[in-house]
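Q: Dumping the structure here so I can ask a few things about it.
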Amino acid sequence: AMDIPWESCITVGESFDYRYDDTYKDLRTILHLLIDVVCKGGNLALNISPQPDGRMPKQGMAIMKDIGAWMKKYGEAIYKTRICDPYKKDGVAFTKNDKNIFAFVLTEEKKEYSEVLIPYQEKVTDIVLMNTGEKVGFDITSEGIRVKLPKEQRDKIALVFKMR
3 AMDIPWESCI TVGESFDYRY DDTYKDLRTI LHLLIDVVCK GGNLALNISP
53 QPDGRMPKQG MAIMKDIGAW MKKYGEAIYK TRICDPYKKD GVAFTKNDKN
103 IFAFVLTEEK KEYSEVLIPY QEKVTDIVLM NTGEKVGFDI TSEGIRVKLP
153 KEQRDKIALV FKMR
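Quick note, our numbering runs 2 ahead of the 1-based positions in the sequence shown.
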């Protein structure tokens, strides 16, 4: 994490210029990259190169719409946030704003989760699973916060927690 402004400029495809046969990154890869950059205090600039006639490629636009849908649900944990110690640890990334700490458990695509360990050591009084909007039960342990999920959770991107 850095306390100075920085940005990572990444392409959604493999090239900064338009290629007819370009291969695009999947949504999971892009959002994990976004979370990784933001938890370290950075800004992510995504590049999609226009076609020769100036139109945006359909595949690139579809990915951007999917990013927008994800951000509509979880944007509070990304926009106007700052770095938060421990930044990223054991597959969990952290951000904070004036009121909340956010923890992103970067999930494995095919794994079911009934509980997760958030390696955070500060005092927490309330935790909401942003995926469902439900408050979740938790226990404080020497390793961090053990969160009990309300039901088996399957999320291809992340389990996002809002902690107070």
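All residues carry an ideal CB built from backbone N, CA and C; glycine is no exception.
Would you call the region 150-163 in contact with the region 90-107, where contact means no fewer than 3 C-beta pairs closer than 8 angstroms?
A: In short, these stretches touch, since the Cβ pair count reaches three.
Q: Rounded to a whole number of angstroms, what is the C-alpha to C-alpha distance between Asp141 and Lys74?
A: For Asp141 and Lys74, the distance between alpha carbons rounds to 30 angstroms.
Q: Ile65 and Tyr26 look like a contact to me (Cβ under 8 angstroms); what is the Cβ gap, rounded to whole Å?
A: Going by Cβ atoms, the distance from Ile65 to Tyr26 rounds to 6 angstroms, so yes, they are a contact pair.
Q: My guess is that Ile120 and Gly146 are in contact by the Cβ rule of under 8 angstroms, so how many angstroms apart are they, rounded?
A: 5 angstroms between Cβ atoms; contact.
Q: Could you give the first and the last residue of the continuous beta strand (DSSP E) run that contains Ile142?
A: Residues Gly139 to Ile142.
Q: How many Å lie between Asp24 and Met4 at the Cα?
A: Computed Cα separation, rounded: 33 angstroms.
Q: Checking 8 angstroms against the spacing of the C-beta atoms, do Thr83 and Phe104 come in under that value?
A: Yes, Cβ-Cβ distance for Thr83 and Phe104 is below 8 angstroms.
Q: Report, in whole angstroms, the separation of the C-beta atoms of Arg156 and Glu114, which I expect to be a contact under 8 angstroms.
A: The Cβ separation is near 6 angstroms, so the contact holds.
Q: Please report how far the alpha carbon of Ala80 lies from the alpha carbon of Asn133, in whole angstroms.
A: For clarity, residue 80 is Ile in the given sequence; the question names Ala instead. For Ile80 and Asn133, the distance between alpha carbons rounds to 14 angstroms.
Q: Measure from the alpha carbon of Trp72 to the alpha carbon of each residue in Gly43, Leu29, Cys41 and Gly62, then state which is nearest.
A: Nearest of Gly43, Leu29, Cys41 and Gly62 to Trp72, Cα basis: Leu29.
Q: Considering only the alpha carbon of each residue, which of Ile129, Phe18, Gln53 and Leu108 lies closest to Ala47?
A: The residue with the shortest Cα to Cα distance from Ala47 is Phe18.
Q: Whole angstroms are fine: how far does the CA of Pro7 sit from the CA of Met165?
A: Near 25 angstroms, if we compare the C-alpha coordinates of Pro7 and Met165.
Q: With distances taken Cα to Cα, identify the nearest neighbour of Lys91 among Lys42, Asp55, Met58 and Cys11.
A: Lys91 has its Cα closest to that of Lys42, out of Lys42, Asp55, Met58 and Cys11.
Q: Which whole-angstrom value is the C-beta distance of Lys150 and Glu117, which I expect to be below 8 angstroms?
A: With a Cβ gap of about 5 angstroms, Lys150 and Glu117 count as contacting.
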